[in-house]
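Peer 1:
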Amino acid sequence: MRHPSSTTSNRRPKACAALLVLSAACLASCSNAGATTCSEYAAKTYSEKQNTSKALLQEHDLEPNDVGNTVGLSKALDSYCGLTGGFQPGSSSKNVSSTLDKAVDWSAKRW
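Numbering follows our numbering, with no gaps: position 89 of the sequence shown is 85.
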């Protein structure tokens, strides 16, 4: 007869491994805002677009809380991607499969 704790102890490593794989997948998908395509960006809510913009600024060592940076980047992304929809999720009419990293010259330190 098996000890009751033996089945639980066998499940723990598998559960931990599954959780680790899931966490890594989530972090990988969220870790590089610059890899987001214009189409993906256009489909985001206003709040999600703001978060993506802040992440882009951080990835390029620019101050994400600087109003000039956030407004400048938002305008550049909207123009590059040809966004429609305003504050609502919409669609991209330009550079649909291009990544956001290609939208601006990242060598500038502020807008």
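Where is the CB? At the ideal position from N, CA and C, for every residue including glycine. From a predicted model like this one, the values you see are computed outputs, not experimental measurements.
Quick one: measure Cβ to Cβ for proline 60 and lysine 50, integer angstroms, because I've assumed they're closer than 8 Å.
Peer 2: On the sequence shown, residue 60 is found 64 positions in, with the first residue counted as 1. On the sequence shown, residue 50 is found 54 positions in, with the first residue counted as 1. Correct: roughly 4 Å between the Cβ atoms.
Peer 1: Excluding five sequence neighbours on each side, which residues of the same chain lie with their C-beta closer than 7 Å to the C-beta of threonine 95?
Peer 2: One-based indexing of the sequence shown puts residue 95 at position 99. Only Gly30, Ala31, Thr32, Thr33 meet the Cβ criterion.
Peer 1: Buried or exposed for tyrosine 37, going by 16 or more other Cβ atoms inside 10 Å?
Peer 2: Along the sequence shown, read from residue 1 onward, the residue named residue 37 stands at position 41. Looking at its Cβ environment, which holds 16 or more other Cβ atoms inside 10 Å, tyrosine 37 is buried.
Peer 1: Could you tell me the alpha carbon to alpha carbon distance between glutamine 84 and lysine 40, rounded to whole angstroms?
Peer 2: Taking the first residue of the sequence shown as position 1, residue 84 is located at position 88. Taking the first residue of the sequence shown as position 1, residue 40 is located at position 44. If you draw a straight line from the Cα of glutamine 84 to the Cα of lysine 40, it is about 8 Å long.
Peer 1: At what residues does the alpha helix (DSSP H) containing threonine 48 begin and finish?
Peer 2: To locate residue 48, count along the sequence shown from 1; it is residue 52. Its alpha helix (DSSP H) spans residues 42 to 55.
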